[in-house]
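Here the structure is laid out as structure tokens; the discussion comes afterwards.
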Amino acid sequence: MLRIGILGLGTVGSGVVKILEKNSENIKNKVGTEVTIEKILVNNLKKERDVEIKKELLTDKVEDIINNSNIDIVVELIGGEQPAYDYIIKAIENGKSIVTANKLVIAKYGKRIFRKADENDVQVCYEGSVAGGLPIIRPLQNSLAANRIEKIYGILNGTTNYILTDMSKEKKDFADSLKNAQALGFAEADPSSDIEGYDAAYKITILSSLAFERFVDVNEVYVEGIKDIDIEDIELAHEMGYVIKLLAIAKNSSEGLDVRVHPAFVPEDHPLAMINGTYNCVYLHGDAVGQVMSTARGAGQMPTGSAVTADIIQVAKDINHNQREVQRMDSFLESNVIKIDEIENSFYLRFEVKDEPGVMAHIAKIFGDNNVSLASVLQKQKENPVVPLVFITHSVREKDLNQSLAKIKKLDDVIEIKSVIRVENNI
Ligand SMILES: NC(=O)c1ccc[n+]([C@@H]2O[C@H](COP(=O)([O-])OP(=O)(O)OC[C@H]3O[C@@H](n4cnc5c(N)ncnc54)[C@H](OP(=O)(O)O)[C@@H]3O)[C@@H](O)[C@H]2O)c1
Numbered sequence: 001m002l003r004i005g006i007l008g009l010g011t012v013g014s015g016v017v018k019i020l021e022k023n024s025e026n027i028k029n030k031v032g033t034e035v036t037i038e039k040i041l042v043n044n045l046k047k048e049r050d051v052e053i054k055k056e057l058l059t060d061k062v063e064d065i066i067n068n069s070n071i072d073i074v075v076e077l078i079g080g081e082q083p084a085y086d087y088i089i090k091a092i093e094n095g096k097s098i099v100t101a102n103k104l105v106i107a108k109y110g111k112r113i114f115r116k117a118d119e120n121d122v123q124v125c126y127e128g129s130v131a132g133g134l135p136i137i138r139p140l141q142n143s144l145a146a147n148r149i150e151k152i153y154g155i156l157n158g159t160t161n162y163i164l165t166d167m168s169k170e171k172k173d174f175a176d177s178l179k180n181a182q183a184l185g186f187a188e189a190d191p192s193s194d195i196e197g198y199d200a201a202y203k204i205t206i207l208s209s210l211a212f213e214r215f216v217d218v219n220e221v222y223v224e225g226i227k228d229i230d231i232e233d234i235e236l237a238h239e240m241g242y243v244i245k246l247l248a249i250a251k252n253s254s255e256g257l258d259v260r261v262h263p264a265f266v267p268e269d270h271p272l273a274m275i276n277g278t279y280n281c282v283y284l285h286g287d288a289v290g291q292v293m294s295t296a297r298g299a300g301q302m303p304t305g306s307a308v309t310a311d312i313i314q315v316a317k318d319i320n321h322n323q324r325e326v327q328r329m330d331s332f333l334e335s336n337v338i339k340i341d342e343i344e345n346s347f348y349l350r351f352e353v354k355d356e357p358g359v360m361a362h363i364a365k366i367f368g369d370n371n372v373s374l375a376s377v378l379q380k381q382k383e384n385p386v387v388p389l390v391f392i393t394h395s396v397r398e399k400d401l402n403q404s405l406a407k408i409k410k411l412d413d414v415i416e417i418k419s420v421i422r423v424e425n426n427i
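In this text, residue positions in the sequence shown follow full-length UniProt numbering: the first is 1, and each later residue adds one.
Spelled out as structure tokens, the structure:
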């Protein structure tokens, strides 16, 4: 019999308990022995739970799990940075393998955690940390291992994908769609980590580290969220044959890694443009396999519970058969993320300008002087002296674009630079 200790009995913890209970026979067959829950750590012992659980299994003392010699696997599902990180390290030092869905801890401290696990000859599995029910960590480690992964594009945050889909379909502004997402339970009361792009940044940090065999530093990943996306941009994108998505991007080149999260124009006939609502998607390119795309619900009790329980089964199977899956993180190189200023991209730009002759010439001259070449221009008519002017640039270095925008901002006939959004034409 293998005994596990679970830290946290919230959304995901309850899902794991339900799956372990419901599929216990099947799991026993897969592992070769029974997997039982020894203890579960919670904050509040008196809280009503949405899963049936014997009272004596619950504890509010973490030592009952991480110092418990009966327990082989610790499943960390309390979330956040601390005390989750300390608990993981202490459990590893006590010889326990770890299963976690904590993207923040793995993205920030993965290097230390994996090294500590190697020193103590235990495993760390984290399938649930990226895109909930979508299998991507183990495929990168195993099924795609023969490939050099060249690039990854992900829609890795269900909350923002729901909001952008809702804005686009219902023609609502950002604030209304956010409220709607909160009412439906798709966005948290404090949605900042989702809408500011940090949640997706943790996830692409984890994926790029694994895919490119480098410990990518999350602090070097460029992050921009969706709260400035205007319904007018969504409609103009549509008119030009694009859909706006919050993309998490990771590309490997001889100059370094290009890892970033930001809203982007995606051609509307690209499969990523069709991923709607709370669905997540990973679209990657491997040198042998070519394009691979997978999509699933990226969060929620049972999809994430499914990923976490699969990790528990894998680790339990390995322990039961006296083996340890070697992950060879010791060969990973250090982070070498290219600064966003040096990245080249095509851009969508929306300005509000005075309806006067010569505006276009002034703007075009500044672009020309700063190596920004234009692919298309769209001037919309409005019945007032302020008109929107929209440009799509050819591929341009961000530094050059920013220099030209700083000068354009100072022009008398330019009222405001409303939007600057990257265009991903070559996904
Ligand atoms: N929710 C999702 O859909 C989802 C998807 C993918 C990944 N994840 C990740 O999964 C992890 C868990 O998320 P969740 O949504 O299940 O969180 P949650 O619903 O907030 O549950 C957290 C649980 O941990 C317990 N807890 C928190 N801090 C504690 C502490 N210091 N000491 C003891 N117990 C503590 C809480 O106890 P009480 O119940 O007593 O308050 C609660 O049972 C996070 O890392 C999250 O990023 C979640």
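All C-beta atoms, glycine included, are put in the ideal place defined by N, C-alpha and C.
Check                                                                                                      : Outcome
Buried versus exposed, by CB contacts within 10 Å (16 or more), Gln-314                                    : buried
Helix, strand or coil at Glu-127 according to DSSP, with G and I counted as helix                          : helix
Ligand 1 heavy atom lying under 8 Å from the CB of Ser-192                                                 : no
Environment of Gln-82 [buried if 16+ CB atoms lie within 10 Å]                                             : exposed
Supposed contact pair Gly-8 and Ile-73 - C-beta distance, whole angstroms, cut 8 Å                         : Not a contact, Cβ separation roughly 14 Å.
Neighbour flag for Ile-136 against chain B, beta carbons, 9 Å                                              : The question asks about chain B, but that chain is absent: this structure has only one protein chain.
Those residues, in chain order, that have a beta-carbon closer than 6 Å to some heavy atom of ligand 1     : Gly-8, Leu-9, Gly-10, Thr-11, Val-12, Gly-13, Leu-41, Val-42, Asn-43, Asn-44, Lys-47, Leu-77, Ile-78, Gly-79, Pro-83, Ala-101, Asn-102, Lys-103, Gly-128, Gly-132, Ala-299, Gly-300, Thr-304
8 Å CB neighbourhood of Thr-11 in its chain, flanking five on each side removed                            : Gly-300, Gln-301, Thr-304
Between the CA atoms of Glu-416 and Asp-217 - distance to the nearest angstrom                             : 35 Å
contact_flag[the region 57-72, the region 88-104] where n(CB pairs < 8 Å) is 3 or more                     : yes
Bridge partner(s) assigned by DSSP for Ile-98                                                              : Val-74, Val-124
Buried versus exposed, by CB contacts within 10 Å (16 or more), Glu-119                                    : exposed
Of the listed residues Gln-379, Ile-427, Glu-342, nearest to Leu-401 (C-alpha basis)                       : Glu-342
Classification of Lys-151 by the beta-carbon crowding that lies within 10 angstroms, buried from 16 upward : buried
Three-way DSSP call (helix, strand, coil) for Thr-309 in this model                                        : helix
With 16 other Cβ atoms within 10 Å as the buried cut-off, status of Ala-146                                : exposed
Exposure of Leu-41, with buried meaning 16 or more beta-carbon neighbours within 10 Å                      : buried
Cβ separation of Tyr-279 and Gly-197, assumed to be a contact under 8 Å, to the nearest whole Å            : Not really, about 18 Å apart at Cβ, beyond 8 Å.
Contact set for Leu-378: own chain, Cβ-Cβ below 6 Å, skip 5 residues either direction                      : Val-390
CB of His-321 within 9 Å of CB of Ile-149, strictly                                                        : no
Option in Phe-265, Val-372, Phe-332, Ile-92 with minimal Cα separation from Glu-213                        : Phe-332
Alpha-carbon spacing of Val-372 relative to Glu-424, whole angstroms                                       : 17 Å
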